[in-house]
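The sequence shown: position 147 = 1074 (this note's numbering), numbered continuously.
To start, the structure itself, in structure tokens.
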Amino acid sequence: MNLYGLTKEELEQYFVSIGEKKFKATQVFEWLYQKRVTTIEEFSNIKKEVREQLQKDFSLELPKVIKREIDIDVEKYLFELSDNERIEAVLMRHNYGLSVCVSSQVGCNMGCKFCESGRLKKVRNLEAHEMVGQILVIESLIKERISSVVIMGIGEPLDNYENVIRFIKIINDAKGIQIGARHITLSTCGLIPKIKELSELDIQINLAISLHAPNDHLRSEIMPINKAYPLQELMETIKEYIKKTNRRVTMEYILLKGVNDQKKHAKELANLLRGMNVYVNLIPYNETNHIEFQKSDKETIDAFYRELQKEKIQVTVRREFGSSISAACGQLRSKEIK
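Written out as structure tokens, the structure reads:
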């Protein structure tokens, strides 16, 4: 088992199970996440026999960076895991700090037509320690602190629910990586049962919905998940989520040239979302060599934005990152596999 994959509460239970005091879990967290030591032998305030037991029971293995691409304000990392599978993470520099987009699965089974990740099917879920490791390795390389995390890399986070929640608890812990809940965003294509489950947790993270179409016909064409969880059911679930958590939800909308980017689509989107505590994040598409979709031109994006504003929908256009590197989700991994 990997020590980076345990919450503080789970570590407390472990220490009790071996006849030790719970507070040792806090000490271990401080060594791992505050002092950033990389060997159990360095836990100098924990007695030798306990350290030896920890070494028998746990590893501190981290993902290995095998490729790093750098552009203005963005870095893309390709990691190799202990079973030689590969995942990606993206570091973005904003005027408010550094954010990292982490992967939650090796591959993805959601099959969104515009997504490079979905071309390569899901191999397995990531363990919590493999998600934590993405942050720790990047911070060790850049010698800077990451202030926000987006779970929006390769994979569908709610399809790996337990590990993702464990990961959130670890990075949010005051003795862990100390990333505030409101600086953690989970992005999902809309797994309704898991959104409902998430709404029951007392975790004030940000929820983002990968919407990308304003009606069932179009959404089902580009996002197969919509056939299982159609828009009306999804919108009702989001309304319930907002009511329970009192949190605003982000609606992500990738603009695809000639597909979902016309004025009529903006009007439909406004009608779909009117009266809800949401805002729309318009995303210029990152084109790839393997997928036929194209990025909408600036004039079309601006017109779509203005139409939503006119309809009194809160809207932003995401800043573009990494146009000269493999910035699309799954693109770097796909290139390496090819």
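Where a beta carbon is used, it is the ideal one built from N, C-alpha and C, also for glycine.
No experiment lies behind these values; they were computed from the predicted model shown.
Q. Apart from the five residues on each side of it in sequence, which residues of its chain come closer than 7 angstroms, Cβ to Cβ, to glutamate 957?
A. Taking the sequence shown and counting its residues from 1, one reaches residue 957 at position 30. Once the five neighbours on either side are set aside, the close Cβ partners of glutamate 957 are Lys1102.
**Q.** Cβ distance (whole Å) where isoleucine 1097 is taken to contact leucine 1113 below 8 angstroms
**A.** Along the sequence shown, one-based indexing puts residue 1097 at 170. Along the sequence shown, one-based indexing puts residue 1113 at 186. Isoleucine 1097 to leucine 1113, Cβ: 14 angstroms. No contact.
Q) Quick one: is glutamate 1002 near chain B, going by C-beta distance under 8 angstroms? A) Note that chain B does not occur in the displayed structure, where there is just one protein chain.
Q. With burial defined as no fewer than 16 other Cβ atoms inside 10 Å of the residue's Cβ, what is the status of isoleucine 1264: buried or exposed?
A. Locating residue 1264 in the sequence shown gives position 337, where the first residue counts as 1. Confidence at isoleucine 1264 is low in this model, with a pLDDT of 47, below 50, so the placement of that residue should be treated as unreliable; the coordinate-derived value is given next. By the 10 Å Cβ count, isoleucine 1264 comes out exposed.
Q: Kindly indicate which residue of Met1178, Glu1002, His1192 has the alpha-carbon position closest to the one of lysine 1184.
A: Here residue 1184 refers to the residue found at position 257 of the sequence shown. Nearest C-alpha to lysine 1184: His1192.
Q | Cβ shell of lysine 1190 (< 6 angstroms), same chain only, five flanking positions each side left out | A | Along the sequence shown, one-based indexing puts residue 1190 at 263. Counting only Cβ-Cβ distances below 6 angstroms, and skipping sequence neighbours, we find Glu1234.
Q | Pairwise C-alpha distance: glutamate 996 and glutamate 1179 | A | By one-based count along the sequence shown, residue 1179 stands at place 252. By one-based count along the sequence shown, residue 996 stands at place 69. Looking at the two C-alpha atoms, the distance is approximately 25 angstroms.
Q | Delimiting residues of the alpha helix (DSSP H) encompassing lysine 1003 | A | To locate residue 1003, count along the sequence shown from 1; it is residue 76. Not the alpha helix (DSSP H): lysine 1003 falls in the beta strand (DSSP E), residues 1001-1007.
Q: Answer yes or no: do glutamine 961 and asparagine 972 have a C-beta to C-beta separation smaller than 8 angstroms?
A: Counting from 1 along the sequence shown, the entry for residue 961 is found at position 34. Counting from 1 along the sequence shown, the entry for residue 972 is found at position 45. Not closer than 8 angstroms, so no.
Q: Determine the extent of the beta strand (DSSP E) in which glycine 1060 is found, giving its start and end residues.
A: Working through the sequence shown from its first residue, we reach residue 1060 at position 133. First-last for glycine 1060: 1055-1069, but that is the alpha helix (DSSP H), not the beta strand (DSSP E).
Q: Note down, in chain order, each residue of its chain lying with its Cβ closer than 7 angstroms to the Cβ of proline 1141, except the 5 sequence neighbours on either side.
A: As a position in the sequence shown, residue 1141 is number 214, starting the count at 1. If we look at proline 1141 and ignore the five residues flanking it on each side, its Cβ neighbours are His1192, Glu1195, Leu1196, Leu1199.
Q. Which stretch, first to last residue, makes up the beta strand (DSSP E) that contains aspartate 998?
A. Here residue 998 refers to the residue found at position 71 when the sequence shown is read from its first residue. That run of the beta strand (DSSP E) goes 991-998.
Q. Any idea if isoleucine 945 is buried or exposed, counting beta-carbon neighbours within 10 angstroms, 16 or more meaning buried?
A. Reading the sequence shown from its first residue, position 18 is the one you call residue 945. Classification of isoleucine 945: exposed, given that the 10 Å Cβ count is below 16.
Q | Segment limits, beta strand (DSSP E) that includes serine 1026 | A | By 1-based counting over the sequence shown, the position of residue 1026 is 99. Segment 1024-1029, the beta strand (DSSP E) holding serine 1026.
Q. For arginine 1245, which residues from the same chain have a beta carbon less than 6 angstroms from its beta carbon, with the 5 sequence-adjacent residues on both sides left out?
A. For this step, residue 1245 is matched to residue 318 along the sequence shown. If we look at arginine 1245 and ignore the five residues flanking it on each side, its Cβ neighbours are Asn1208, Ile1210.
Q. In terms of residue numbering, what span does the alpha helix (DSSP H) encompassing threonine 1215 cover?
A. Numbered from its first residue, the sequence shown carries residue 1215 at position 288. First-last for threonine 1215: undefined, no H or E at that position.
**Q.** Per DSSP, the bridge partner or partners of serine 1075
**A.** Your numbering for residue 1075 matches position 148 in the sequence shown. Answer by DSSP bridge pairing, in chain order: Ser1026.
Q) Which term fits proline 1120, buried or exposed, when burial requires 16 or more other beta carbons within 10 angstroms of its beta carbon? A) Taking the sequence shown and counting its residues from 1, one reaches residue 1120 at position 193. When all chains shown are included, proline 1120 counts as exposed.
(Q) Can you tell me where the alpha helix (DSSP H) holding histidine 1144 begins and where it ends? (A) Position 217 of the sequence shown holds residue 1144. Run containing histidine 1144: 1143-1149, per the alpha helix (DSSP H) assignment.
Q.
Can you give me the C-alpha to C-alpha distance between glycine 932 and glutamate 1057, rounded to a whole angstrom?
A. Sequence index remark: in the sequence shown, residue 932 carries index 5 (1-based). Sequence index remark: in the sequence shown, residue 1057 carries index 130 (1-based). So the two alpha carbons sit approximately 8 angstroms from each other.
Q | Cα-Cα separation between valine 943 and phenylalanine 950, rounded to whole angstroms | A | Sequence index remark: in the sequence shown, residue 943 carries index 16 (1-based). Sequence index remark: in the sequence shown, residue 950 carries index 23 (1-based). Cα to Cα, valine 943 sits roughly 10 angstroms from phenylalanine 950.
Q. Pick from Leu1008, Lys983, Asp1129, Arg1020: whose alpha carbon is nearest that of threonine 1172?
A. Within the sequence shown, numbered from 1, the residue matching residue 1172 stands at position 245. The shortest Cα separation from threonine 1172 among Leu1008, Lys983, Asp1129, Arg1020 belongs to Asp1129.
Q: List the endpoints of the continuous alpha helix (DSSP H) containing leucine 1134.
A: Counting from 1 along the sequence shown, the entry for residue 1134 is found at position 207. From DSSP, leucine 1134 is part of no alpha helix (DSSP H) but of the beta strand (DSSP E) over 1133-1137.
Q: Starting from the N-terminal side, write out each stretch of the alpha helix (DSSP H) that is 4 residues or longer and does not extend beyond the segment 1157-1203.
A: 1158-1172, 1190-1200
Q. Should glutamate 1043 go down as buried or exposed, given a rule of 16 or more other Cβ atoms within 10 Å for buried?
A. If you number the sequence shown from 1, residue 1043 lands on position 116. By the 10 Å Cβ count, glutamate 1043 comes out buried.
Q) Who does glutamine 1032 pair with in a DSSP beta bridge? A) If you number the sequence shown from 1, residue 1032 lands on position 105. Paired residues: Asn1052.
Q: Following the continuous alpha helix (DSSP H) through proline 1120, name the residue where it begins and the one where it ends.
A: As a first step, residue 1120 is located in the sequence shown; it is residue number 193 there, counting from the start. Here the alpha helix (DSSP H) through proline 1120 covers 1119-1126.
Q: Excluding the 5 residues preceding and the 5 following valine 1017 in the sequence, name in chain order all residues of the same chain whose CB lies nearer than 6 angstroms to its CB.
A: Taking the first residue of the sequence shown as 1, we reach residue 1017 at position 90. So the qualifying residues of the chain are Lys1003, Cys1028.
Q) Near glutamate 937, what residues of its chain come up, given a Cβ to Cβ distance below 6 angstroms and the 5 sequence neighbours on each side ignored? A) Counting from 1 along the sequence shown, the entry for residue 937 is found at position 10. So the list is empty, once near-sequence residues are dropped.
Q.
Here's a check: name, in chain order, each residue in its chain whose Cβ is nearer than 8 angstroms to the Cβ of serine 1009, leaving out the five neighbours to either side.
A. Along the sequence shown, one-based indexing puts residue 1009 at 82. Closer than 8 angstroms at Cβ, skipping near neighbours: Glu988.
Q: Could you tell me whether the segment 1031-1039 touches the segment 1075-1086, using the rule of 3 or more Cβ pairs below 8 angstroms?
A: yes
Q: Would you give the residue range spanned by the beta strand (DSSP E) that asparagine 1090 belongs to?
A: Counted from its first residue, the sequence shown places residue 1090 at position 163. From DSSP, asparagine 1090 is part of no beta strand (DSSP E) but of the alpha helix (DSSP H) over 1088-1099.
Q. If you draw a straight line from the C-alpha of arginine 994 to the C-alpha of glutamate 1219, how long is it?
A. Indexing the sequence shown from 1 puts residue 994 at position 67. Indexing the sequence shown from 1 puts residue 1219 at position 292. Residue 994 is actually lysine in this sequence, not arginine. Cα-Cα distance, rounded: 26 angstroms.
Q. Skipping 5 residues on each side, what residues in its chain have a beta carbon closer than 6 angstroms to that of asparagine 1204?
A. Translated into positions along the sequence shown, residue 1204 becomes position 277. Around asparagine 1204: Ile1169, Arg1175.
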